[in-house]
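Peer 1: Reading the sequence shown from the start, the letters are residues -22 to -1, 1 to 289 in mature numbering (1 follows the signal peptide of the UniProt record, and there is no 0).
Backbone N, C-alpha and C define an ideal beta-carbon position, used for all residues, glycine too.
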Amino acid sequence: MRKNKSVLLSLSIAAVSTILVAGCGTGSSGSLSTSGNASNTSSTTSSVPTTSGNKGTISIGYVDWAEDVADVYLWKDLLEQRGYKVNLHEMQAGPLWVGLAKGSIDVHFDDWLPTTDKVYMQKFGSKLVDLGKWYQGKTKLGLVVPDYVNINSISQLNANASEFNHEIVGIDAGAGETQIIENTVIPKYNLKLKLVNSSETAMLVSLSKAEKQHKPIVVVLWSPHWAFAKWHLKYLSDPKNTFGSSGWIQTEANKQWAQQNPTVAGWIRNFKLNQTQLGQLENDINTASSKQAGVQKWIKANQSLVNSWFK
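Listed below in structure tokens is the structure:
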């Protein structure tokens, strides 16, 4: 049974607060949940000599989504080159936003507005500062099928539900897009398909398997995402506009941290990527022996762009 998102958010805050006092914790998944794996990484090998001395520690929170992973590993490398220690915390969305507001997380690069992360900004926005729209393109959310699937609209799903095993293959339960589907898309279209929450990785595995077997599948996806370059996919039209209009991605920082770290905050404000640049960064990471190696390959090929962020 679906729960009201404000109730879920309240539960998330209550349950996670004690965890975040001591740092980022681990647990099991849930909608707007307090759970998530918090993993810290601080490798300092870089493509250019690292500045001597430790200028301080920066904690960056992220969800295991393609564009978020790309951003945080890029900035980990860039900041470590400049003498900072960077701790990356992989979390679920709910506790990440709580941590950002409380100050156990300093920066989050993946705030999707005006719709996806609206509930989090309404709750925590007064404690955060916007460090700019880094993605120089339009974002989109929706339900996606391979182009060989013979339907084109969300309104056609019920009549063809059996082809999809009465399932929509979803992502993280705490994701803003998940909340939109559960609280708006499904009730407004009276969908008879069940949203099966998992993770981006699991969703992509299911999509890849269906593509290889040429079988129907409907998944939760968004743009920008490298999946649209790998496979021939299409968004199902949304005549009731339940996903809202196109939007943007911006970076949020804890307000107190940004005030205390104006130099780093200024660098992040200068950060901009277009669709091609982001796509290449994601591809370099996906095809390299490690995320760090992929990031360093991309930096080498885009050094002039990178330099412009640090002026």
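On a Cα-Cα basis, can you pick out the residue from 145, 216, 34, 46 that is closest to residue 230?
Peer 2: Taking only the C-alpha atoms, the option nearest residue 230 is 46.
Peer 1: Taking the straight line between their C-alpha atoms, what separation do you get for residue 272 and residue 99?
Peer 2: Their backbone Cα atoms lie some 32 Å apart in a straight line.
Peer 1: With DSSP as the reference, label residue 95 as helix, strand or coil.
Peer 2: Here residue 95 sits in coil by DSSP.
Peer 1: Just to confirm before moving on: does the CB-CB distance between residue 232 and residue 114 stay below 7 Å?
Peer 2: Not closer than 7 Å, so no.
Peer 1: DSSP puts residue 211 in a beta bridge; with which residues?
Peer 2: DSSP output for residue 211 lists 124 as bridge partner(s).
Peer 1: Three or more C-beta pairs closer than 8 Å, one from the region 35 to 54 and one from the region 73 to 93: is that the case here?
Peer 2: Short answer: they touch.
Peer 1: Given this structure, state the Cα-to-Cα distance separating residue 41 from residue 282, to the nearest angstrom.
Peer 2: Whole-angstrom Cα-Cα distance: 28 Å.
Peer 1: Which residues in the same chain as residue 122 place their Cβ atom closer than 6 Å to its Cβ, once the five residues preceding and following it in sequence are excluded?
Peer 2: Contacts found: 197, 199, 211, 213.
Peer 1: Just the C-alpha distance for residue 240 and residue 136, rounded to the nearest angstrom, thanks.
Peer 2: Roughly 52 Å between the two C-alpha positions.
Peer 1: Beta carbon of residue 178, beta carbon of residue 149: below 7 Å?
Peer 2: Yes; because the gap between Cβ atoms is below 7 Å, this pair is in contact.
Peer 1: Taking the C-alpha atoms as reference points, what is the distance between residue 287 and residue 108?
Peer 2: For residue 287 and residue 108, the distance between alpha carbons rounds to 17 Å.
Peer 1: Could you tell me which of 284, 279, 227, 277 sits nearest to residue 110, measuring between CA atoms?
Peer 2: Cα-wise, what sits closest to residue 110 is 227.
Peer 1: Look at residue 250 and residue 53 and say whether their C-beta atoms are less than 7 Å apart.
Peer 2: Result no, Cβ atoms of residue 250 and residue 53 do not sit closer than 7 Å.
Peer 1: How would you write the range of the alpha helix (DSSP H) that residue 71 sits in, first residue to last?
Peer 2: Element bounds for residue 71: 71 to 80.
Peer 1: So what's residue 299 in DSSP terms, helix, strand or just coil?
Peer 2: With the chain running from -22 to 289 in the structure shown, residue 299 is simply not present.
Peer 1: How many whole angstroms separate the CB atoms of residue 162 and residue 254, which I take to be in contact at a CB cut-off of 8 Å?
Peer 2: In fact, because the Cβ distance is near 32 Å, the residues do not count as touching under 8 Å.
Peer 1: Nearest-angstrom Cα distance between residue 176 and residue 138?
Peer 2: Each residue's Cα considered, the two are about 23 Å apart.
Peer 1: Tell me where the alpha helix (DSSP H) around residue 51 begins and ends.
Peer 2: Note, residue 51: alpha helix (DSSP H), 44 to 59.
Peer 1: When you compare only the Cα positions, how much space is there between residue 277 and residue 284?
Peer 2: Spanning the two alpha carbons is a distance of roughly 7 Å.
Peer 1: Since residue 181 contacts residue 147 with CB under 8 Å, what's their CB separation in whole angstroms?
Peer 2: Right, their Cβ atoms sit about 5 Å apart.
Peer 1: Could you tell me the distance, in whole angstroms, from the CA atom of residue 125 to the CA atom of residue 267?
Peer 2: Each residue's Cα considered, the two are about 31 Å apart.
Peer 1: Can you list, in chain order, the stretches of the alpha helix (DSSP H) that have 4 or more residues and sit fully within the region 214 to 281?
Peer 2: Those alpha helix (DSSP H) runs which fall completely within the region 214 to 281 and span 4+ residues are 233 to 238, 240 to 248, 253 to 265, 269 to 279.
Peer 1: Buried or exposed: residue 73, going by 16 or more other Cβ atoms within 10 Å of its Cβ?
Peer 2: The residue is buried, with at least 16 neighbouring Cβ atoms inside 10 Å.
Peer 1: Taking residue 118 and residue 201 to be in contact with their CB atoms under 8 Å, please state how far apart those CB atoms are, rounded to whole angstroms.
Peer 2: The Cβ separation is near 4 Å, so the contact holds.
Peer 1: Considering only residues of the same chain and omitting the five flanking positions on each side of residue 62, which have a CB-CB separation below 8 Å?
Peer 2: Closer than 8 Å at the Cβ level, and outside the excluded window around residue 62, lie 32, 33, 34, 35, 36, 242.
Peer 1: Residue 289 by DSSP, collapsed to three states: which one?
Peer 2: Of the three classes helix, strand and coil, the one that applies to residue 289 here is coil, per DSSP.
Peer 1: If you draw a straight line from the C-alpha of residue 164 to the C-alpha of residue 218, how long is it?
Peer 2: Roughly 11 Å separates the two Cα atoms.
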